[in-house]
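Novice:
Residue numbers (my numbering): 5 to 557.
1. Between the Cα of residue 545 and the Cα atoms of 311, 515 and 429, which residue gives the shortest distance?
2. Is the Cβ-Cβ distance between residue 205 and residue 154 less than 7 Å?
3. For residue 509, does the three-state DSSP call read helix, strand or coil?
4. Could you check what DSSP says for residue 500 in three-state terms: helix, strand or coil?
5. Can you tell me which of 201, 178 and 183 puts its alpha carbon nearest to the alpha carbon of residue 146?
6. Would you tell me roughly how many angstroms separate the C-alpha atoms of residue 358 and residue 324, rounded to the nearest one?
7. Does the beta-carbon of residue 332 have 16 or more other beta-carbons within 10 angstroms, so that it is buried, or is it exposed?
8. Is it right to say residue 539 is buried, meaning 16 or more other beta carbons lie within 10 angstroms of its own, or is it exposed?
9. At which residue ranges does the stretch 314-379 contain complete alpha helix (DSSP H) runs of 4 or more residues, listed in the order of the chain?
10. So, is residue 370 buried or exposed, given that buried needs 16 or more other C-beta atoms within 10 angstroms?
11. Quick one: Cα of residue 317 to Cα of residue 243, how far?
12. Within the continuous beta strand (DSSP E) that includes residue 536, where are the two ends?
13. Determine the burial state of residue 502: buried for a count of at least 16 other Cβ atoms within 10 Å of its Cβ, exposed for fewer.
14. If I follow the unbroken alpha helix (DSSP H) through residue 530, where does it start and stop?
15. Are the CB atoms of residue 304 and residue 293 nearer to each other than 7 Å?
16. Out of 522, 547, 513 and 553, which has the shortest C-alpha to C-alpha gap to residue 529?
17. Is the Cβ-Cβ distance between residue 367 and residue 327 less than 7 Å?
18. Please state whether DSSP places residue 488 in a helix, a strand or coil.
19. Under the three-state reduction of DSSP, which class applies to residue 141: helix, strand or coil?
20. Could you say which of 207, 362 and 289 lies nearest to residue 160 if we only look at CA atoms?
21. Over the uninterrupted alpha helix (DSSP H) stretch that includes residue 473, give me the two end residues.
22. Alpha carbon to alpha carbon, what distance is there between residue 506 and residue 428?
23. Find the nearest neighbour of residue 504 within the set 315, 521, 495 and 166, judged by alpha-carbon distance.
24. Have a look at residue 444 and residue 434 and give me their C-alpha separation to the nearest angstrom.
25. I need the straight-line Cα distance from residue 182 to residue 229, nearest angstrom please.
26. Could you round the C-beta distance between residue 415 and residue 402 to whole angstroms and report it? I think they count as a contact, below 8 Å.
27. Helix, strand or coil, according to DSSP, for residue 553 in the structure here?
28. Ordered along the chain, which non-local residues of its own chain (more than five positions away) have a Cβ less than 7 Å from that of residue 337?
29. Below 8 Å on the Cβ atoms is my guess for residue 158 versus residue 209; work out the distance and round it to an integer in Å.
30. Near residue 399, what residues of its chain come up, given a Cβ to Cβ distance below 7 Å and the 5 sequence neighbours on each side ignored?
31. Restricting to Cα atoms, I'd like to know which of 314, 269 and 266 is closest to residue 280.
Written out as structure tokens, the structure reads:
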């Protein structure tokens, strides 16, 4: 039978305190005991068969040592497993027949410690499984696994935050803090590789705090960059302003103000070149060229006060020159009697200098002269229209003169005279166009009154006389009866509105004054009939007009 000697419990090789933080079961290496065949002494070099008394003593001392070792492990090892940040000091262990195999390579800061198994096996128990892990070994492995998972969770969160910051341009606007963040992540990764999981967690926690700090500083960095850029732009340091606004735009790419100021700063060099050209042209008395140069500067940056002020100043000088030239030209045209041209020229000068007294006086003189000319022209137009008996035109001319000067007496009298004649002319023309209405007594009376009124009016009256003659003839004809012939069936009762009932007849003749008439036929049991007819003043006879009721009811 083969026995182990000396009898040993499995010995575990544990890493230092850093390797215990987050490791797994694979981080332990088992020290296999050496086997000695006690029944084959010749297999062991240098073996000497002990005497009986010596063997018994050695066996007793070995059993006593194993019992002490088991008690020490039972009392000492659980406390050491709970302390994750410190390595367990190895307790005294039974001498091994052979040295354990070398452990796997570990980081320089780790120290490898061997932890004895909690239970020792006596030499009299040959069936002990030397490869079975103890309870303390499994607990340590679970603890290391938990530490690793915790470190990995923090790292995943940090990486997510770092990726978001990178998309927001943090490497540019927080370069130093960004380097520090990456350094902490790298440090944590190194500790993870060394299986120092608790130290890795500490590094990742610091990295997370750094990422939060960078995120929280984003708005402050933006405001500081904007303020600094504005100050630099105002001071003329446009190159530094470009860098400041570029940083602000990197922090907040969607900020319109940062983009606008960055554009302004980027154009400032070109703006200053146009400003230099403008000043040189001013010195050369080329005001138009200087204004054009300043205009280009303003087009590039409309908010640049120096460019706007320079352009306004040069434009004022140009306007002053143009004003004086136009004022002189307008006064010369006024003296020559070219009033319309003079007014246009002086009004143009007044737009350049609205408070010009010279322009105001000159325009007043022009307006007075033009008004007098206008009034005189309207007076002549009114008189000419009166002579031609165009009374509406005459009234309009006098009304225009009154609008220019309501106190003009000739216009007041002329307007009243023309209005009276225009009204009479309109009435006479109406009756001449509607002579058929002269059959009505009221209309004939109105026409007779108009004819009497027209006879009293003074010259000119050529047109008026012609109108009155025509209307008098029409009135006379309207009062001269015209023969009218009617026919019926001797059963229909015939009547004419405004004339009277004629009764039944086969043929009937009567005389009617010129005008419009309506004949009505009635017969019992039949529908009434109506016949409208007109008696013209110049007609010799009217008819025959047949009036018969034929439709039964």
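Here a beta-carbon is modelled for each residue, glycine too, at the ideal position from N, C-alpha and C.
Specialist: The relevant details are as follows:
1. 515
2. Cβ distance < 7 Å, so residue 205 and residue 154 count as in contact.
3. coil
4. DSSP places residue 500 in strand when its eight states are reduced to three.
5. Checking every option, the nearest Cα to that of residue 146 belongs to 201.
6. 12 Å
7. exposed
8. In the assembly as shown, residue 539 is a buried residue. Its beta-carbon has 16 or more other beta-carbons within 10 Å.
9. 343-356
10. Under this definition residue 370 is a buried residue.
11. 28 Å
12. Where residue 536 is concerned, the enclosing beta strand (DSSP E) stretches over 533-539.
13. exposed
14. In the DSSP annotation of this structure, residue 530 is not part of any alpha helix (DSSP H), being labelled neither H nor E.
15. no
16. Comparing Cα-Cα distances from residue 529 to each of 522, 547, 513 and 553, the minimum goes to 553.
17. For residue 367 and residue 327, no; Cβs fall outside 7 Å.
18. Residue 488 falls in the strand class under three-state DSSP.
19. In the three-state scheme derived from DSSP, where H, G and I count as helix and E and B as strand, residue 141 is classed as helix.
20. 207
21. Run containing residue 473: 466-482, per the alpha helix (DSSP H) assignment.
22. Their backbone Cα atoms lie some 41 Å apart in a straight line.
23. 521
24. 15 Å
25. 18 Å
26. Indeed, because the Cβ distance is near 5 Å, the residues count as touching under 8 Å.
27. coil
28. 345, 346 and 349
29. Yes, they are in contact, since the Cβ atoms of residue 158 and residue 209 sit about 6 Å apart, within 8 Å.
30. 419, 422, 423 and 426
31. 314
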